[in-house]
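Asker: Counting from 1, position 70 in the sequence shown corresponds to residue 70 in full-length UniProt numbering; the numbering is continuous, with no gaps. All C-beta atoms in this analysis are idealised placements derived from N, C-alpha and C, irrespective of residue type, glycine included. Just so it is clear, the structure is predicted and the values come from calculations on it, not from any experiment. Got a structure here, written out as structure tokens. Questions coming.
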Amino acid sequence: MTSARPTPNQIAARVAPLTAASAAPRNTSAGRRLSGKAAAQIQELAVDQAINEPHSTERTHQHNGTLYVRGDLGIIVPDDDPAVVVALLRIDPDAAPAPRARRSTVGPAHRAPESSTELERMLRGHGFEISAGRGGHHKATHREHPGVTIIIPHTPSDHRSYPNLLAEIRRRTGLDIR
């Protein structure tokens, strides 16, 4: 039983029929075999000269071949079969990766307090009033947010206590005191 669908070769023959005279040569003068795309471009480019006398070479990002660069022409040749040209590409000689902007300061963008004294100073700076509470903890209240009381621990349980407290203050009052 045969399929009604044409094969890729049949489609290629209908779309771009080539005569033997118009087909680009599949080998270079140095004996390198070319892919179909490369064969169509090889007549106008000096691929062998670029490979034999490149201006620069570098490994491909997959580390499985070499990129030869001569002028604005780049040629990729795999390591496992150096007689095969895998790709031809144009390279912009002025192209360079964009420089990354460096931060002017070192450390986190927003500092978390390291002690209850520092936290209380930050709270007072944002209009909170600090008063003594029960159990040795202090309370922070803000006149613009009546009914909201923030308990300040004097002995935080772990390194996340102060960042969590800052998040609670922001959640309950809408104020970012950092």
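#1: For TYR162, collect the residues of the same chain with a Cβ closer than 8 Å to its Cβ; drop the 5 residues on either side in sequence, then sort them by chain order.
#2: Evaluate THR173 with the Cβ neighbour count: other Cβ atoms within 10 Å of its Cβ, from every protein chain shown; 16 or more gives buried, anything less gives exposed.
#3: Based on Cα-Cα distance, which residue from ASP80, THR66 and ARG102 lies nearest to LEU88?
#4: Are there 16 or more other CB atoms within 10 angstroms of the CB of residue 196, so buried, or fewer, so exposed?
#5: Looking at the unbroken alpha helix (DSSP H) that takes in ASN172, where does it start and where does it end?
#6: Can you look up GLY65 in the DSSP assignment and give me helix, strand or coil?
#7: Pull up the distance between the alpha-carbon of ILE177 and that of PHE128, whole angstroms please.
#8: Given a cut-off of 8 Å, decide if ALA167 and ILE152 are closer than it, judged by their beta-carbon atoms.
Answerer: Considering the structure as presented:
#1: As a position in the sequence shown, residue 162 is number 162, starting the count at 1. So the qualifying residues of the chain are ALA112, PRO113, GLU114, LEU119 and PRO156.
#2: The residue labelled residue 173 in the question sits at position 173 within the sequence shown. By the neighbour-count rule (16 or more Cβ atoms within 10 Å), THR173 is buried.
#3: By one-based count along the sequence shown, residue 88 stands at place 88. Of ASP80, THR66 and ARG102, the residue nearest in Cα terms is THR66.
#4: Any answer about residue 196 is impossible in this case: the structure gives the chain only from 1 up to 178.
#5: For the purposes of this step, residue 172 is taken as the residue at position 172 of the sequence shown. The amino acid at residue 172 is misidentified as Asn; the sequence shows Arg. Per DSSP, ARG172 is one residue of the alpha helix (DSSP H) stretching across 161–173.
#6: Counting from one through the sequence shown, the residue named residue 65 turns up at place 65. GLY65 falls in the strand class under three-state DSSP.
#7: If you number the sequence shown from 1, residue 177 lands on position 177. If you number the sequence shown from 1, residue 128 lands on position 128. Between the alpha carbons of ILE177 and PHE128 lies a gap of roughly 10 Å.
#8: Within the sequence shown, residue 152 is the residue found at index 152, counting from 1. Within the sequence shown, residue 167 is the residue found at index 167, counting from 1. ILE152 is not a Cβ neighbour of ALA167, given a cutoff of 8 Å.
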